[in-house]
Amino acid sequence: MEEQMKLMVDMIKERIKFNLQIIRKNEETIRSILSQPVSNERSKLLKVNFSINRKLLEENNDSLNIEIQLINFISKYREVLKHEKKNIQSSGILNSETPSFDSESFQNDNNQEQLEENDESNLLNLTLTGETPFNSSHPKFNDKEFFETLLDAYKQKENYEICSYLLKVKGKK
9 MEEQMKLMVD MIKERIKFNL QIIRKNEETI RSILSQPVSN ERSKLLKVNF
59 SINRKLLEEN NDSLNIEIQL INFISKYREV LKHEKKNIQS SGILNSETPS
109 FDSESFQNDN NQEQLEENDE SNLLNLTLTG ETPFNSSHPK FNDKEFFETL
159 LDAYKQKENY EICSYLLKVK GKK
């Protein structure tokens, strides 16, 4: 579900860019119309172009609000989405096997999960402090969830230069 939301955010961004291109072209048209002598036709043309731009700007505003809501949703429920994905994978829905439940294996799985979370947290801290550089040889380089968490941490610190670097390293921009 997270992937679909991210795809939707990307589609919205592209639509906003497209609308801005149309707005810029309309602005050029408006400038050329303004150089014409005052007339009813000139007024109509201006009105049409201004109206189109206004509607495109309103659409962009609504699109930005939707984009922000999607991004906030993803950030707020990232752990739930991650857990949901793990449940689907481990439930046997993707495999033809149905896992059996016994309390001992559940407890072992829980302990293993806690160890993995601690390791991931330590690795995140090492990466944030620069002790473990984030590059193609980083142990979590291909882990999307780790990358998103790392990126969010730098966003919260408002360290956008590092965010830009991370996106370049991952080949996303």
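Quick note, the sequence shown lines up with residues 9 to 181 if you use our numbering. The beta-carbon is built from N, C-alpha and C at its ideal position, and this holds for glycine as well.
| Asked | Found |
| --- | --- |
| CB of Asn-27 within 8 Å of CB of Asn-57, strictly | no |
| Residues near Glu-75 in its chain [Cβ-Cβ closer than 6 Å; skip 5 each side] | Val-17, Ile-20 |
| Nearest to Phe-154 (by Cα), restricted to the options Tyr-168, Leu-174, Glu-166, Lys-165 | Leu-174 |
| Given 8 Å, three or more beta-carbon pairs between the stretch 38 to 47 and the stretch 63 to 77 | no |
| Collapsed DSSP secondary structure at Phe-142 in the structure displayed | coil |
| Through-space distance from Asn-68 to Thr-135, alpha-carbon basis | 36 Å |
| Cα-Cα separation between Arg-23 and Arg-50, rounded to whole angstroms | 29 Å |
| Residue burial classification, Thr-137 (beta-carbon count within 10 angstroms, cutoff 16) | exposed |
| Nonlocal neighbours in the same chain, by C-beta distance under 7 Å from Leu-53, ignoring five residues either side | Ile-41 |
| Boundaries (first-last residue) of the alpha helix (DSSP H) holding Glu-10 | 10 to 42 |
| CA-to-CA distance, Asp-160 to Asn-143, given in whole angstroms | 17 Å |
| Nearest-angstrom beta carbon gap, Leu-78 and Met-13 [assumed within contact, 8 Å] | 5 Å |
| Sequence-distant residues of its chain with Cβ nearer than 7 Å to Thr-157 (five each side left out) | Leu-132 |
| Three-state secondary structure assigned by DSSP to Asn-68 | helix |
| Three-state class that DSSP yields for Asp-151 in the structure shown | coil |
| Expected contact under 8 Å - CB spacing of Cys-171 and Lys-163 to nearest Å | 6 Å |
| Local Cβ density within 10 Å of Asn-61, reported as buried at 16 or more and exposed below that | buried |
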